[in-house]
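**Student:**
Number of protein chains: 2
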Amino acid sequence: MIREPTFLILSAVAPRPSHGYGILKSVEVLSDGRVRLRPGTLYAALDRLVAEGSLVIDSEQVVDGRLRRYYRITDEGVAVLNESIKRLESNIAAAKVQLSSRPGIEFA
Amino acid sequence: MIREPTFLILSAVAPRPSHGYGILKSVEVLSDGRVRLRPGTLYAALDRLVAEGSLVIDSEQVVDGRLRRYYRITDEGVAVLNESIKRLESNIAAAKVQLSSRPGIEFA
DNA sequence: TGACGATACTCCGATAGACGGTATATAACG
DNA sequence: CGTTATATACCGTCTATCGGAGTATCGTCA
Chain S
1 MIREPTFLIL
11 SAVAPRPSHG
21 YGILKSVEVL
31 SDGRVRLRPG
41 TLYAALDRLV
51 AEGSLVIDSE
61 QVVDGRLRRY
71 YRITDEGVAV
81 LNESIKRLES
91 NIAAAKVQLS
101 SRPGIEFA
Chain A
1001 MIREPTFLIL
1011 SAVAPRPSHG
1021 YGILKSVEVL
1031 SDGRVRLRPG
1041 TLYAALDRLV
1051 AEGSLVIDSE
1061 QVVDGRLRRY
1071 YRITDEGVAV
1081 LNESIKRLES
1091 NIAAAKVQLS
1101 SRPGIEFA
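Chains as they are written, first to last, in the numbering used here: chain S, 1 to 108; chain A, 1001 to 1108.
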């Protein structure tokens, strides 16, 4: 099962090719500030997702003397994300049923 | 962030006190067979959740010469599960927005 | 009778993903 | 001129999970 940082990275890249630092900021926004990726987590995840075929390197640009490496999500990456969503939704539904069947209704 | 096996373990124990092996089977049912916990994962997670205060040992019984240790979810455990649900729902909603804003609509 | 599967817990080594931090470099801001 | 923002690279550590072996009882079925 895909973990939270990876889920958010794939989500961040989904609309259009993005570069590492841009993804870092997108993930922060997408998660309402809850997830602040460390550089180590980000670039390791990016390498892994490329190796797994969920992302590909789209292009490399030099902007203001700094390298920007753009990553693009693949059809496989989209499929991974969609399957992950379905699985999470199924788990959530199951958890809600379990919580609602508690005697002392702690579930709101 | 809580991981899938832990999420399902907390969900499994939510309705009523359950023992290790029963939780193992519940998790399999709750996840539609997708998650089959290894004993190592289960009992390590149980120990961890007790140490963290999400579960408590409810009772121990000997049934047919075999020990059964029952775990009960605490209010804190219910809170952890509810917060986890909210967070996952928020991530899913964000991912769906991202996927729907793709040019070539791969999101169904 | 004896093998097998289900029940039930214990223990251990390996792995992968994430954490936390440092390093390097440029540009912009005050 | 120091700090923050931009942007990537690298490294050691940690932790949950994986994968499997071990111990033991009970029921089934040939």
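We put the beta carbon where it would ideally sit given N, CA and C, even for glycine.
Computed from a prediction, not measured in an experiment: that's the story for all the values here.
Is there a Cβ from chain A that is less than 7 Å from the Cβ of P15(S)?
**Tutor:** Position 15 of the first sequence holds residue 15(S). For P15(S), the answer is yes, since a Cβ of chain A falls inside 7 Å of its Cβ.
**Student:** Decide if Q1098(A) is buried, meaning its Cβ has at least 16 other Cβ atoms within 10 Å, or exposed.
**Tutor:** Reading the second sequence from its first residue, position 98 is the one you call residue 1098(A). Buried: at least 16 other Cβ atoms inside 10 Å.
**Student:** Can you tell me the Cα-Cα spacing of R87(S) and R34(S), whole angstroms?
**Tutor:** Within the first sequence, numbered from 1, the residue matching residue 87(S) stands at position 87. Within the first sequence, numbered from 1, the residue matching residue 34(S) stands at position 34. Roughly 22 Å between the two C-alpha positions.
**Student:** What residue from E1028(A), S1018(A), Y1021(A), V1013(A) has the CA that sits closest to S90(S)'s CA?
**Tutor:** Against the first sequence, residue 90(S) aligns to sequence position 90. The residue with the shortest Cα to Cα distance from S90(S) is E1028(A).
**Student:** Counting only C-beta atoms, is A51(S) closer than 7 Å to chain A at any point?
**Tutor:** Indexing the first sequence from 1 puts residue 51(S) at position 51. No, because no Cβ of chain A sits closer than 7 Å to the Cβ of A51(S).
**Student:** So S1011(A) contacts chain S; which residues on that side make the cut at Cβ distance below 7 Å?
**Tutor:** Indexing the second sequence from 1 puts residue 1011(A) at position 11. In chain order: A94, A95, Q98.
**Student:** Give a single yes or no on whether L55(S) has its beta carbon closer than 6 Å to a heavy atom of the ligand MN.
**Tutor:** Although the ligand MN was asked about, the structure shown includes no ligands whatsoever.
**Student:** Below 8 Å, can you find three or more Cβ-Cβ pairs linking the stretch 1010–1027 of chain A to the stretch 1038–1057 of chain A?
**Tutor:** Yes, they touch.
**Student:** Using CA coordinates, which residue listed in R68(S), N82(S), P5(S) is at the minimum distance from P17(S)?
**Tutor:** For the purposes of this step, residue 17(S) is taken as the residue at position 17 of the first sequence. For the residues R68(S), N82(S), P5(S), the minimum Cα distance to P17(S) belongs to R68(S).
**Student:** Determine whether the beta carbon atoms of A94(S) and L1030(A) lie at a separation below 7 Å.
**Tutor:** Position 94 of the first sequence, counted from the first residue, corresponds to residue 94(S). Position 30 of the second sequence, counted from the first residue, corresponds to residue 1030(A). Yes, the pair counts as a contact, with Cβ atoms nearer than the cut-off.
**Student:** Name, please, each residue of chain A whose Cβ falls closer than 8 Å to the Cβ of R3(S).
**Tutor:** As a position in the first sequence, residue 3(S) is number 3, starting the count at 1. The contacting residues are M1001, R1003.
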